[in-house]
Amino acid sequence: DYLAAYMWFHLGEMKGDRAAKRNREFVEKKITPEEVIRANKLVGEWMRRYVGL
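Take the sequence shown: its letters are residues 141 to 193, numbered as in the working numbering.
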């Protein structure tokens with residue numbers, strides 16, 4: 141599931157994980173621009189739910 145992978149790698153990247161950044165960039169090449177938008181929305185939803193942002 142590329143959308144879930146993108147979300148988790150993006151969250152890891154936000155914490156400074158360089159491997160997560162590379163992996164997110166790899167996944168981003170595998171999905172459409174529309175899917176990137178959806179995946180970023182998942183990141184925002186996760187942050188609001190579990191971090192309170």
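Using N, Cα and C, we set each Cβ at its ideal position, and we do this for glycine too.
Using only alpha-carbon positions, find the residue among the options that is nearest to residue i.
i: His150; options: Val183, Asp141 and Arg188; result: Val183
Can you tell me whether residue i is buried or exposed? The criterion is at least 16 other CB atoms within 10 Å of its CB, across all chains shown.
i: Val191; result: exposed
i: Ala179; result: buried
i: Arg164; result: buried
Could you tell me whether any non-hydrogen atom of the ligand GTP is closer than 8 Å to the CB of residue i?
i: Phe166; result: With respect to the ligand GTP, the structure offers nothing, as it holds no ligand at all.
Can you check the stretch 145 to 185 for any alpha helix (DSSP H) of at least 4 residues that lies completely inside it and give the ranges in chain order? Runs found: 158 to 170.
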